[in-house]
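What follows is a single structure, written as structure tokens, with notes after it.
2 protein chains.
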Amino acid sequence: MDHPDQTDALEEAAIERPFLSNYLLFLLASTSASASEEFHATVRANGLRVPEWRVLACLHEEDGQMVTRLAPLALAEQSRLTRIIMQMDARGLVERRSDPEDRRRVRIYLTDEGRALAEDMIARARDHEAELLSVLPAGKGEELRKLLKEVHAKLTARD
Amino acid sequence: MDHPDQTDALEEAAIERPFLSNYLLFLLASTSASASEEFHATVRANGLRVPEWRVLACLHEEDGQMVTRLAPLALAEQSRLTRIIMQMDARGLVERRSDPEDRRRVRIYLTDEGRALAEDMIARARDHEAELLSVLPAGKGEELRKLLKEVHAKLTARD
DNA sequence: GATCATTGCATGATATTTCATGCTTCCAGT
DNA sequence: ACTGGAAGCATGAAATATCATGCAATGATC
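Line by line, the protein sequences are chains R and P.
Positions 192 to 350 (the numbering used here) are the ones given, in order, by the first sequence.
Positions 192 to 350 (the numbering used here) are the ones given, in order, by the second sequence.
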């Protein structure tokens, strides 16, 4: 029996179920980018780069973390984070201390100035998050948060 | 009447409701990163950088897009995308044609080689997505996809 | 306790990104 | 048509990121 031309079949398939707008990795990256855009502008307006803000937030949550622990949390590669932390140190936001238990380790601590900035920025982040949620249909934001926590936990558990 | 020391109050608050692990922008960025990690390795194994793969996917969906339309879709800044496309052109994956309707515009088209690679990578992306979904609790992935589509639509509508 | 592998971080060289700005082409108002 | 402004893309110079590798400290094995 005859069958349709293969190229046409492929194109039809592409039209019938658009790939990109349903592709989970695209939706995640794109939603993350558009949700973060505004706040990242605030971050830069406060003289911080995005990974620097992330480091402040991580340290505020748990002070004295190692560089290699901070790197994945701040979504930055190790050598990059090392340099970012050197700059934050030079600027007086954090302090590096070698760990007496294991002298290969460098533990990062917030300075008073760093802690103040972290608290300030976290307050802004909370405000921005509230605004963001208010744009969404009621409940959708919380639903999304809950789902992301579950999915994120599953994904990071595979290590 | 007396009140507790302010620093203690702040610290308690931080302990009681951890900020980061509930912060929507963190959950989005971090989930996106960990979900994409594996597939991005595949992308690089196929000789593509992540934005190049995104360009291929966008063009496969709609060929002949402008640079300024492609840039936000590929999550890359315009001048960066210009250079990425120049490289893809040099490699024979895409072709740049000036738009006769408006000669400021440069429209990007897949070459046959580019289209073949795009189709190949999209197939891999579909497979990877299926694997990813199979790791998650049943239904969670589809739930997430649906929510992200709604939220992403709301967020990008504000322009 | 010597050796070998590994972990944790730093760093040099290279490649990439970014920012501001330049150059065209188009459009609106006159 | 002419002028001012904006859109679309390109590009140089400076800042950053990346990759591989180096070095030091630790742990494991014999």
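Glycine included, every Cβ here is placed at the ideal spot set by N, Cα and C.
Just so it is clear, the structure is predicted and the values come from calculations on it, not from any experiment.
- Name, please, each residue of chain P whose Cβ falls closer than 8 Å to the Cβ of G332 of chain R. L215, V342
- Item | L335 of chain R to A329 of chain P span [Cα, whole Å] | Going by the C-alpha atoms only, they are around 16 Å apart.
- Contacts of A220 of chain P in chain R (Cβ-Cβ under 7 Å): S223, S227, L266
- Query: Quick one: Cα of P195 of chain R to Cα of D303 of chain P, how far?
  - Reply: Residue confidence is low: P195 of chain R scores 47 on pLDDT, short of 50, so the model does not pin down where it sits. Its coordinate-derived value is still stated next. Looking at the two C-alpha atoms, the distance is approximately 20 Å.
- Message: Determine, for T302 of chain R, whether the minimum Cβ-Cβ distance to residues of chain P falls below 7 Å.
- Response: no
- Item | N- and C-terminal bounds of the beta strand (DSSP E) containing R288 of chain P | Here the beta strand (DSSP E) through R288 of chain P covers 285 to 289.
- Message: Measuring straight from C-alpha to C-alpha, what distance separates A204 of chain R and A224 of chain R?
- Response: Because the pLDDT of A204 of chain R is 48, which lies under 50, any placement of that residue in the model is unreliable, and the number read from its coordinates should be weighed accordingly. Computed Cα separation, rounded: 29 Å.
- Message: Along the chain, where does the beta strand (DSSP E) containing L301 of chain P start, and where does it finish?
- Response: 297 to 301
- Contacts that P242 of chain R makes with chain P (C-beta to C-beta distance below 8 Å): Chain P residues near P242 of chain R: none, gap ~11 Å exceeds 8 Å.
- Mind listing the chain P neighbours of P209 of chain R? Cutoff is C-beta to C-beta under 8 Å, in chain order. Those are E252, listed as they occur along chain P.
- For the stretch 248 to 263 of chain P against the stretch 281 to 301 of chain P, are there 3 or more C-beta pairs whose distance is under 8 Å? yes
- Message: Taking the alpha carbon of V342 of chain P as the reference point, which residue from R:S325, R:H343, R:R282 has its own alpha carbon closest?
- Response: R:S325
- Task: To the nearest angstrom, report how far apart A314 of chain R and L308 of chain R are at their CA atoms.
- Result: 10 Å
- Message: Less than 7 Å between CB atoms is the rule here; does A248 of chain P satisfy it with respect to chain R?
- Response: yes
- Query: With a CB to CB cut of under 6 Å and the five nearest residues on each side skipped, what residues in its chain are close to F230 of chain P?
  - Reply: H319
- is_contact[L335 of chain P, chain R] using C-beta, thresh 7 Å: Yes, contact with chain R.
- Query: Do three or more CB pairs link the stretch 278 to 285 of chain R to the stretch 241 to 252 of chain R at distances below 8 Å?
  - Reply: yes
- L327 of chain P and K345 of chain R closer than 7 Å at C-beta: yes
- Query: How is the alpha helix (DSSP H) around R235 of chain P delimited, first residue to last?
  - Reply: 215 to 236
- Quick one: which chain P residues come within Cβ less than 9 Å of L327 of chain R? Here the neighbours are E341, V342, K345, L346.
- Item | A299 of chain R at chain P interface by Cβ criterion, 7 Å | A quick correction: the sequence has Ile, not Ala, at residue 299 of chain R. By this cut-off, I299 of chain R is not an interface position.
- Which residues in chain P sit within 7 Å of I313 of chain R, going by Cβ to Cβ distance? Here the neighbours are F210.
- Task: Have a look at P:E268, P:L250, P:P209 and flag the residue whose alpha-carbon is nearest the alpha-carbon of F210 of chain R.
- Result: From the listed residues P:E268, P:L250, P:P209, the smallest Cα separation to F210 of chain R is found for P:L250.
- Message: Strictly below 7 Å CB to CB, what residues from chain R border A316 of chain P?
- Response: Residues of chain R with a Cβ closer than 7 Å to the Cβ of A316 of chain P are, in chain order, Y214.
- Is any beta-carbon of chain P found at less than 7 Å from that of L261 of chain R? no
- Query: I think L338 of chain R touches L338 of chain P, with their Cβ atoms under 8 Å apart; what is that distance to the nearest whole Å?
  - Reply: Confirmed, about 6 Å.
- Through-space distance from A265 of chain R to E268 of chain P, alpha-carbon basis: Near 22 Å, if we compare the C-alpha coordinates of A265 of chain R and E268 of chain P.
- Task: Report yes or no: is there a C-beta of chain R within less than 7 Å of the C-beta of E322 of chain P?
- Result: When Cβ-Cβ separations below 7 Å define contact, E322 of chain P makes no contact with chain R.
- Task: Would you give the residue range spanned by the alpha helix (DSSP H) that P263 of chain P belongs to?
- Result: 258 to 264
- Classify A236 of chain P as buried or exposed, calling it buried when 16 or more other Cβ atoms lie within 10 Å of its own Cβ. exposed
- Message: Just to check my reading of the structure: L272 of chain R and V258 of chain R have Cβ atoms closer than 8 Å, yes? What is that Cβ distance to the nearest angstrom?
- Response: 6 Å
- Just how far apart, CA to CA, sit D222 of chain P and R274 of chain P? Checking the sequence shown, residue 222 of chain P turns out to be Thr, not Asp. Put simply, the backbone Cα of T222 of chain P is about 29 Å away from that of R274 of chain P.
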